[in-house]
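Structure record follows, encoded as C-alpha cells.
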Amino acid sequence: MVLVYGLSSAFVIIWFGGSWLDMVPSFVLGCLLGALQLYVAPKSQIYSSIFEVTSSIWLSFLGRAIGSIKNGRYFCYGAITQSGLSMLLPGYLILSGALEIQSKSFIAGSVRMVYAIIYSLFLGFGLTLGAALYGWMDSNATTETQCTSDLSPYWNILFIPVFTLNLAFSSQAQWHQIPIMVVIGCSGYVVYYFSALHFNFSEFNAALGAFTVGLMSNLYSRTGKSFKRIGYCNSAFTSMLPGVFDLVPGGVASRNVLKAGISQLNAAKNGTLSTTSLGTDSTFAFGFTMIEISIGISVGLFLSTMIVYPFGKKNTGIFSL
1 MVLVYGLSSA
11 FVIIWFGGSW
21 LDMVPSFVLG
31 CLLGALQLYV
41 APKSQIYSSI
51 FEVTSSIWLS
61 FLGRAIGSIK
71 NGRYFCYGAI
81 TQSGLSMLLP
91 GYLILSGALE
101 IQSKSFIAGS
111 VRMVYAIIYS
121 LFLGFGLTLG
131 AALYGWMDSN
141 ATTETQCTSD
151 LSPYWNILFI
161 PVFTLNLAFS
171 SQAQWHQIPI
181 MVVIGCSGYV
191 VYYFSALHFN
201 FSEFNAALGA
211 FTVGLMSNLY
221 SRTGKSFKRI
231 GYCNSAFTSM
241 LPGVFDLVPG
251 GVASRNVLKA
261 GISQLNAAKN
271 GTLSTTSLGT
281 DSTFAFGFTM
291 IEISIGISVG
301 LFLSTMIVYP
311 FGKKNTGIFS
321 L
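Residues in the sequence shown are numbered consecutively from 1, following our numbering.
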C-alpha cells in the first residue's frame, strides 16, 4: 500500500503541470506519506489527531526545498507539493456531505461538510506554514507555483488508468471489481478533460464528469451481472468510487492555496499585507472552492441516478455513504 501511495502521487503529476523529473520526488514523498498514514499514525492517537496538518507542513516544506534547487530549473514546487498531498485532499469527504444533504440527511451531511471545511483550512494552513518555514531559511526560495511541463497531454492515456488503478487498490477493491472501476473512472475523466478545454467553469465540468461516472455505474449495476467474466461490482457506488476520486476537486483548490499562501508570504515580507488581501488571498479559498466543485459532482451523480431510475429504486445505496 505504501507503493500505491507513491505511484498515485507520481502519476497524478500531469494534472498539476509537472514533468518527468517531478515524478521522482513526488513518488518519494507519496511513499513517505503512505508510511506515516498506514503505519505510524494508527500507533499514536496524539499523532493521528495532527497527522493531516503536520503532513501538509512537511510536504510543503520539502516541496519548496526541492523546487528551489537551481532556482526551479529542474523541479516544480507546485506540482511536487500538490501531487504528494493528493491522497489526503478532502474532496471526497466534501462530496459525501453534499450527497447526504441532497438525500435529505441534513444532520449527517452538515456535519460532514463542516468537518471538511475545517479539514481543508487545516491543510491550507499547513501548506502555507511549510512554505513559510523554508522561506525563512532560504532567502532565494522559489515563489513560482505554476509549472511549465514538457509532458504531452497524450500521456493522460497512460497516467489516468494507472492512477485510477492505484485508487482502486487504495479503496481495497477486489480483483474482479477493478476492471470496471478503471473503465468507469477513465470515462468520467475523459468527459471532464474535454469539457475543461471548452468551458472555463470548474463546477460545470465536474458535474459533466460525475454525470458520466454515475450514468455508467448505474447502468452497469442494472446489467452488469451478465458481464461477470470481466468483473462485477455489487453496487453502483462501489463501481463509481475511483471515478469519483478522479473528479475530486482537491487539485484545483490546492493550486489556489499555494498561490494564496505565497502571495501572503510575499506581502508580509514586503510589509504590504492588509485585511483586504487576507480576505481575498487567504486559505479560506481552499475550502470554499472545493465545496463549490464538490456540489457540482454531487449534482451530476444525482442527475445520472434520476435518468437510470426515474421512478426510484428500492434498497439503493447511491446516497447512503
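In this text, a Cβ means the ideal position worked out from N, Cα and C, and glycines have one as well.
Exercise for the section: Tell me whether Asp150 is buried or exposed, calling it buried when 16 or more other Cβ atoms sit within 10 Å of its Cβ. Expected result: Within a 10 Å sphere around the beta-carbon of Asp150 sit fewer than 16 other beta-carbons, which makes this residue exposed.
Exercise for the section: Would you mind stating whether Leu3 and Gly84 have Cβ atoms separated by less than 8 Å? Expected result: no
Practice task
Please go through the region 168-244 and give each complete alpha helix (DSSP H) segment of 4 or more residues, from N-terminal end onward.
Solution key: 178-198 and 202-223
Practice task
Using three-state DSSP, classify Phe163 as helix, strand or coil.
Solution key: helix
Practice task
My understanding is that Val142 touches Gly67, with C-beta atoms under 8 Å, so please give their C-beta distance in whole angstroms.
Solution key: Contrary to the premise, residue 142 reads as Thr rather than Val in this sequence. 5 Å between Cβ atoms; contact.
Exercise for the section: Give every residue of the same chain whose Cβ lies closer than 6 Å to the Cβ of Ser48, excluding the five residues on either side of it in the sequence, and list them in chain order. Expected result: Ala41
Practice task
Please report the Cβ distance between Ile297 and Ala206, rounded to the nearest whole angstrom; I am assuming they are in contact, meaning their Cβ atoms lie under 8 Å.
Solution key: 5 Å
Practice task
Please classify Glu144: does DSSP put it in a helix, a strand, or coil?
Solution key: Of the three classes helix, strand and coil, the one that applies to Glu144 here is coil, per DSSP.
Practice task
Could you tell me if Asp22 is buried or exposed, where buried requires 16 or more neighbouring beta carbons within 10 angstroms of its beta carbon?
Solution key: Buried, since its Cβ has 16 or more Cβ neighbours within 10 Å.
Problem - CA-to-CA distance, Asn71 to Gly109, given in whole angstroms - result: 45 Å
Practice task
Report buried or exposed for Arg64, applying the criterion of at least 16 other Cβ atoms within 10 angstroms of its Cβ.
Solution key: buried
Problem - Given Leu123 as reference, the closest of Leu59, Gly78 and Gly97 once Cα atoms are compared - result: Nearest to Leu123 by C-alpha distance, out of Leu59, Gly78 and Gly97, is Leu59.
Exercise for the section: Confirm, please, whether the CB-CB distance from Thr223 to Gly188 is below 8 Å. Expected result: no
Problem - Every unbroken alpha helix (DSSP H) within the region 82-126, with a cutoff of 4 residues, ordered by chain - result: Whole alpha helix (DSSP H) segments, 4+ residues: 91-102.
Practice task
Check the C-beta distance from Val182 over to Pro161 and give it rounded, since I have them as a contact under 8 Å.
Solution key: That pair is a contact at about 6 Å.
Practice task
Report back the beta-carbon spacing between Phe61 and Gly130 to the nearest angstrom; my notes put them in contact at under 8 Å.
Solution key: Indeed, because the Cβ distance is near 4 Å, the residues count as touching under 8 Å.
Problem - Sequence-distant residues of its chain with Cβ nearer than 8 Å to Ile69 (five each side left out) - result: Phe75
Exercise for the section: Mind checking which residues open and close the alpha helix (DSSP H) that includes Gln323? Expected result: A query on residue 323 cannot be resolved here, the shown segment of the chain reaching from 1 to 321 and no further.
Exercise for the section: Reducing DSSP to helix, strand and coil, say where Arg396 ends up. Expected result: There is simply no residue 396 to check, as the chain begins at 1 and stops at 321 in what is shown.
Practice task
Give the DSSP-derived three-state secondary structure of Tyr5 in the structure shown.
Solution key: Three-state result, Tyr5: helix.
Problem - Host alpha helix (DSSP H) of Asp22 (start-end) - result: Trp20 to Ala35
Handout entry: Buried/exposed call for Phe302, threshold 16 Cβ in 10 Å
Key = buried
Practice task
To the nearest angstrom, report how far apart Val308 and Gln174 are at their CA atoms.
Solution key: Using only the alpha carbons, I get a separation of about 26 Å.
Practice task
Select from Leu89, Leu32 and Ser217 the residue whose C-alpha is nearest the C-alpha of Met306.
Solution key: Ranked by Cα distance from Met306, the options Leu89, Leu32 and Ser217 are led by Ser217.
Exercise for the section: Indicate the three-state DSSP secondary structure (helix, strand or coil) for Ile307 in the structure shown. Expected result: helix
Practice task
With DSSP as the reference, label Asp138 as helix, strand or coil.
Solution key: In the structure shown, Asp138 sits in coil (DSSP, three-state: anything other than H, G, I, E or B).
Practice task
Measure the alpha-carbon distance for Leu332 versus Pro310 and round it to whole angstroms.
Solution key: Not covered by the structure: residue 332. The range shown for the chain is 1 to 321.
Handout entry: Whole-Å CB distance - Ile295 paired with Ala98, under 8 Å assumed
Key = Correct: roughly 5 Å between the Cβ atoms.
Exercise for the section: To the nearest angstrom, report how far apart Trp15 and Asn156 are at their CA atoms. Expected result: 9 Å
Problem - Assigned exposure category for Ile184 - 16 Cβ within 10 Å defines buried - result: buried
Problem - Residue environment, Thr238, which counts as buried when at least 16 other CB atoms sit within 10 Å - result: buried
Exercise for the section: Return yes when the Cβ of Tyr220 is within less than 8 Å of the Cβ of Glu144, no when it is not. Expected result: no
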